[in-house]
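Contents: one structure, followed by commentary.
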Amino acid sequence: MGLPTYLGLVIALAVGCQWLAWALRIPSLLLLLLTGFAVGQWQSADDVLGRDMVFAAATLAVGVILFEGSLTLRFRELRGIGGPVVRLCSAVPLIAWGLLTGAAYAVGIDGRLAALVGAILVVTGPTVINPILRQMRPTRRVSSLLRWEGIVVDPVGAILAVLVAQAIIAQGEGDTAAVIAASLARTLAVSLALSVPVGLLLAWVVRRHWVPDYLQGVLFLGVALGCQVASNAAASESGLLTVTVLGIVLANVPGLELRHVREFKEHLQVLLVGVLFIVLAGRVGLDQVRDVAPQALGLVALAVVLVRPVSVFLGLHGTAATRRERTLLAFMAPRGIVAASVTSIFALEFQHAADVLAQRAAGAADPGRAAELERQASSLASLGDDAQRLVPIVFILIVCTVAVYGLGVGRLAERLGLATTSPQGVLFAGAAPWVVQAAEQLDALDVPTVVVSDRAQDVSRARMKGLSAVKTNIVSEFAVEDLELAGIGTFIAATDVDSTNSIAAREFVHILGRSNAWQLRRDDDPEGGANHRTAPAPHLVGRYPFSPALTYARMTEMSDRGMVVRRTTLSDAFTFADFRREHPEAVVMFTHRGGRLTVLTEDSPEPGDGVLVALTGDRELGKRTVRNAERKAGKEAGAARRSAASDAPARPRT
């Protein structure tokens with residue numbers, strides 16, 4: 011297969027798998043891994059791209075992914091969870107490393123390789139955490155804990171694995187501890203010396219508008235890749251730590267707007283994750299999987315049942331993390347792209363070190379020294395051969411942990427009250443009386459609701475009704491960054507200011523998706539009265555909810571006339587058509603059926619069975635409205651006939 015054909019196929023499969031996984035509500039990584047494994051049995055990436063190209067591309071792609079993730083890590087998120095985050099990124103990985111080393115040794119892996127695989131497997135990573143978070147929709151605290159752990163521990167795990175590998179290679183060459191300490195110091199020094207000044211300089215340049223907006227995304231990408239390459243050249247595998255620190259520095263520079271940069275990186279990350287998992291999974295052969303399956307499954311069982319729970323509960327003991335949060339974290343540790351990408355590298359490192367030792371042995375003048383070097387070279391060469399078996403073991407562990415955690419953690423989080431895998435809740439911006447009534451009716455249907463207003467009296471009125479209400483400006487940084495949205499799947503902007511509604515709806519499009527971000531009809535967009543010169547551009551406003559879609563002024567006017575939001579049960583005995591005959595003036599808002607809430611629009615099909623939530627008058631008012639409308643229509647028709655008769659030319663007499 012040619013290179014263009016292979017790359018086109020991989021990209022198409024990467025996008026298709028993630029789309030299908032979204033539709034089926036299953037972890038996308040599971041489909042990507044299985045698809046990549048299947049493609050690899052037919053055509054391996056090594057045969058098309060070459061092994062060196064695969065490793066180089068994977069290393070750079072992982073750096074981009076970590077940089078994108080670290081751009082979202084803001085120190086303000088650590089309020090109340092700083093202690094747990096520090097422990098998750100330090101004590102928990104160290105405990106897990108020790109336990110994973112013991113688990114790997116217990117299933118028959120060589121002791122030195124057990125320490126190496128234990129270091130590799132402490133990582134989780136944004137490539138596996140972010141898709142699960144999108145599906146699980148946890149609380150902000152849990153989301154912050156998992157994102158910080160996943161992004162920060164990735165380079166920590168890679169560096170730890172490098173240190174272990176260097177310790178293995180340095181055995182017999184002198185003071186191993188000194189070698190490790192020097193390597194660690196060099197890694198930290200290089201990473202900080204590159205990332206901090208470069209990040210501050212880049213922020214300084216951007217804040218002075220010396221870079222046009224359309225170049226900022228690729229500029230950040232180029233700087234990150236340049237720092238990664240330079241860092242790796244100075245200290246082995248330090249590049250991941252460098253780009254992670256670089257992203258954190260940029261994310262926390264005051265006044266630096268990174269929204270469009272993050273959006274560019276997010277799209278790139280989705281593509282890179284899909285391609286990488288397919289390519290790397292395709293490097294594993296079916297025979298390799300068969301050979302190591304018993305060992306790998308034993309390691310999976312120990313990692314899931316023993317290692318992660320023990321390391322989390324021990325590491326987070328005494329911190330501000332609640333018992334429910336610790337329980338969820340104890341069963342949330344899928345392995346990702348870093349584990350898959352670095353495993354193969356160490357087999358090559360051991361083989362290279364063995365070749366170097368063999369050359370030194372050949373040139374040694376002392377026979378005793380030559381024999382010792384030959385023994386070490388033989389040991390490392392044998393270890394390199396054994397290290398090749400780690401690749402399918404890690405692959406199986408990635409597949410199993412993604413399946414176990416991806417399919418099961420959502421249900422656990424729901425039982426713990428920390429997430430909703432199918433969020434049905436509604437966030438209302440604005441607290442007009444009819445909005446509060448709508449929230450009350452939804453609350454009675456066990457639909458979570460949150461009412462947001464910057465007016466204290468409106469918030470107090472909503473709270474007196476037993477509703478969750480927050481006093482804040484819906485377009486404030488608090489509302490966008492810190493407002494708790496667990497269980498919320500729909501946003502409706504219903505303030506009395508059209509511009510506020512539009513800005514808020516546009517913002518929540520990025521959070522909940524365009525299909526779930528709504529705003530009341532704008533005053534400058536009357537139904538049937540606007541054209542392309544006067545109507546707001548669709549991408550600048552949210553979707554219009556309800557049927558008919560009315561402005562804030564019209565909804566409030568109807569509420570002031572005595573109309574209220576009520577629930578009505580629809581069935582075969584009382585259909586929506588019956589409801590419309592009794593309440594022709596009603597504004598239908600929501601339907602609730604089978605635990606699912608639907609926002610009705612003017613284009614929605616006629617509701618069937620279920621509960622209808624609508625702004626209605628009483629039944630007699632509805633009947634009077636019908637009679638008045640019929641009477642008015644009759645009068646207008648009679649007037650039209652009389653007018654037509656008077657305008658007709660007189661018939662000539664004969």
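Heads up, the sequence shown is in my numbering, so the first residue is 11 and it goes up one at a time.
Each residue gets a CB set at the ideal place from its N, CA and C atoms; glycine is no exception.
Per DSSP, cross-strand counterpart(s) of residue i
i	result
residue 625	575 and 597
residue 606	603
residue 435	498
residue 556	611
residue 252	Residue 252 pairs with nothing; no bridge assigned.
residue 529	503
residue 580	620
residue 38	Partner(s): none; residue 38 has no beta bridge.
residue 481	463
residue 15	BP columns for residue 15 are empty, so no partner.
residue 429	148
Inter-residue Cα distance where the pair is residue i and residue j
i	j	result
residue 528	residue 131	43 Å
residue 81	residue 142	19 Å
residue 489	residue 464	11 Å
residue 171	residue 37	27 Å
residue 478	residue 448	13 Å
residue 558	residue 594	11 Å
residue 56	residue 253	27 Å
residue 568	residue 153	41 Å
residue 389	residue 94	41 Å
residue 190	residue 178	10 Å
residue 619	residue 435	21 Å
residue 534	residue 336	51 Å
residue 516	residue 273	14 Å
residue 210	residue 73	19 Å
residue 284	residue 413	16 Å
residue 631	residue 268	Confidence at residue 631 is low in this model, with a pLDDT of 49, below 50, so the placement of that residue should be treated as unreliable; the coordinate-derived value is given next. Roughly 54 Å between the two C-alpha positions.
residue 611	residue 565	15 Å
residue 639	residue 587	Low local confidence applies: a pLDDT of 48 at residue 639 is under 50, so the model's placement there is unreliable, and no value is given.
residue 102	residue 526	38 Å
residue 245	residue 239	10 Å
residue 590	residue 617	11 Å
residue 167	residue 393	21 Å
Cβ separation of residue i and residue j, assumed to be a contact under 8 Å, to the nearest whole Å
i	j	result
residue 428	residue 149	5 Å
residue 407	residue 306	6 Å
residue 76	residue 161	6 Å
residue 98	residue 155	6 Å
residue 11	residue 49	10 Å between Cβ atoms; not a contact.
residue 705	residue 510	Beyond the ends of the chain as shown, which are 11 and 664, falls residue 705; an answer cannot be given.
residue 271	residue 227	5 Å
Residue environment, residue i, which counts as buried when at least 16 other CB atoms sit within 10 Å
i	result
residue 468	buried
residue 13	exposed
residue 201	buried
residue 359	buried
residue 107	buried
residue 251	buried
residue 522	buried
residue 582	exposed
residue 397	buried
residue 570	exposed
residue 487	exposed
residue 16	buried
residue 136	buried
residue 584	exposed
residue 475	exposed
Sequence-distant residues of the same chain with beta carbon closer than 7 Å to residue i, five excluded per side
i	result
residue 596	624, 625 and 626
residue 277	none
residue 609	500, 528, 555 and 600
residue 194	173
residue 215	221
residue 430	147, 424, 496 and 497
residue 636	Because the pLDDT of residue 636 is 45, which lies under 50, any placement of that residue in the model is unreliable, and the number read from its coordinates should be weighed accordingly. Contacts found: 594.
Neighbourhood of residue i by C-beta, 6 Å cutoff - its chain only, sequence neighbours within 5 removed
i	result
residue 366	none
residue 331	94
residue 312	113
residue 261	81, 83 and 84
residue 87	154
residue 110	128, 131 and 317
Other residues of its chain near residue i: CB distance less than 8 Å, five sequence neighbours each side excluded
i	result
residue 6	For residue 6 there is no data in the structure shown, the boundaries of the chain being 11 and 664.
residue 334	426, 427 and 428
residue 664	Because residue 664 carries a pLDDT of 40, less than 50, the predicted location of this residue cannot be relied on, and no value is offered for it.
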